[in-house]
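Novice:
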Amino acid sequence: MLEIRFHGRGGQGAVTSAEMIALAAIAEGKYAQAFPSFGPERRGAPVLAFVRVSEDKPIKIRAGITKPDMVVVMDPSLARITDVTAGLKDDGTVVINTKRSAGEIQAVFGGKWPVVTVNASAIARELLGVNIVNTTMLGAMLRALPVVKTDSLEGPLNHRFGARARSNYQAALRAFKEAAVKEKSATPEKPKMQFTPERVLTWKEMLPGCAVTEPGSTAQYSTGDWRSQRPVWNHDLCIKCGICYLVCPQECISQDEQKWFGANLYHCYGCGTCSTECPTRAISMVEEGE
Ligand code: SF4
Ligand code: SF4
Numbered sequence: 004m005l006e007i008r009f010h011g012r013g014g015q016g017a018v019t020s021a022e023m024i025a026l027a028a029i030a031e032g033k034y035a036q037a038f039p040s041f042g043p044e045r046r047g048a049p050v051l052a053f054v055r056v057s058e059d060k061p062i063k064i065r066a067g068i069t070k071p072d073m074v075v076v077m078d079p080s081l082a083r084i085t086d087v088t089a090g091l092k093d094d095g096t097v098v099i100n101t102k103r104s105a106g107e108i109q110a111v112f113g114g115k116w117p118v119v120t121v122n123a124s125a126i127a128r129e130l131l132g133v134n135i136v137n138t139t140m141l142g143a144m145l146r147a148l149p150v151v152k153t154d155s156l157e158g159p160l161n162h163r164f165g166a167r168a169r170s171n172y173q174a175a176l177r178a179f180k181e182a183a184v185k186e187k188s189a190t191p192e193k194p195k196m197q198f199t200p201e202r203v204l205t206w207k208e209m210l211p212g213c214a215v216t217e218p219g220s221t222a223q224y225s226t227g228d229w230r231s232q233r234p235v236w237n238h239d240l241c242i243k244c245g246i247c248y249l250v251c252p253q254e255c256i257s258q259d260e261q262k263w264f265g266a267n268l269y270h271c272y273g274c275g276t277c278s279t280e281c282p283t284r285a286i287s288m289v290e291e292g293e
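Structure below.
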């Protein structure tokens, strides 16, 4: 049985990716299951999705995947805030959406696993018109591990995307072709990046009904880590009406000494509400860099 874990952000379609693979496997006569694990249910928050595929035996286990054969990372910024390789088998593979080369990423992971890289964001923007990489990443993951045939994706994609299925399938094929593979190192080193920085407890680690022992500690939570896009203010267009301040669900917008509005990026989770509601279009949402 193969077990695959997708790391994405709310709104990026990691759950759909998992479903597409499972449906394609079932269409090939295999056994499969796919299900998500949501953290905070907000756009931009980290999300996990799991797929199991078995050639010939029904799958009875229903738990989340802790020892995957492959991890698929849809947003490279997730690797800074979560250990995307947690539990990855020694013969596992990392597939990641990134502008960086496979060699660079392999070095980041210490050469312990083969790495497959693809600039899925660029492909998705070009072929789909949006930076939603779920279907594009399917091509890269099938390049790394042929869990199903690429042809088998067509049926599930047609069913799910209708008129947009063709472009999504083309995006997957393009990623399959453009994915770069770097084999694992013969002499693995320690990872060069600290993937799990010191942090306060996550909601999953807290006991239900926990007590707040230190008033004001909520402010320590870096909800900015959920963000894949950030708001940028254009003072030439801003009329200082304060609507952005009023609508921000995080209450993280304030005024500076010149009365210009701006966000505290430690807490801004990039929902885009301020940008949508600004009457003069003074706020643009720009992608976070890697
Ligand atoms: S809503 Fe737009 S125009 Fe109004 S203060 Fe905010 S940025 Fe300026
Ligand atoms: S409304 Fe704007 S500033 Fe507030 S969390 Fe959303 S994107 Fe960030």
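Every letter in the sequence shown is one number past the one before it in the numbering used here, and letter 78, counting from 1, is 81.
Yeah, the Cβ is synthetic: ideal placement off N, Cα and C, and Gly gets one too.
(1) If you check the beta carbons only, do F179 and R146 fall under 8 Å apart?
(2) Please find out if some non-hydrogen atom of ligand 1 comes closer than 7 Å to the beta-carbon of T283.
(3) Please tell me whether S20 and A48 are closer than 8 Å, where the distance is taken between their beta carbons.
(4) Should the stretch 147-155 be regarded as contacting the stretch 215-226, the criterion being three or more beta carbon pairs within less than 8 Å?
(5) Verify the contact flag: W229, CB atom, against every heavy atom of ligand 1, threshold strictly below 7 Å.
(6) Span of the alpha helix (DSSP H) holding H162?
(7) For the stretch 227-275, which segments carrying the alpha helix (DSSP H) assignment without a break, of at least 4 residues, lie completely within its bounds, in sequence order?
(8) Apart from the five residues on each side of it in sequence, which residues of its chain come closer than 8 Å, Cβ to Cβ, to F264?
(9) What does the Cβ neighbour count give for V18, buried or exposed, with the cut at 16 atoms within 10 Å?
(10) Hey, could you find the ends of the beta strand (DSSP E) I99 is sitting in?
(11) Using only the alpha-carbon positions, how far apart do Q253 and A123 sit?
Specialist: Straight from the coordinates:
(1) yes
(2) yes
(3) Taking 8 Å as the Cβ cut-off, S20 and A48 do not qualify as a contacting pair.
(4) no
(5) no
(6) E157 to F164
(7) 246-250
(8) W236, C241, K243, G245, C247, Y248, I256, S257 and Q258
(9) By the Cβ neighbour-count rule, V18 is buried, with 16 or more other Cβ atoms within 10 Å of its own.
(10) T96 to N100
(11) Distance from the CA of Q253 to the CA of A123, rounded to the nearest whole angstrom, comes to 30 Å.
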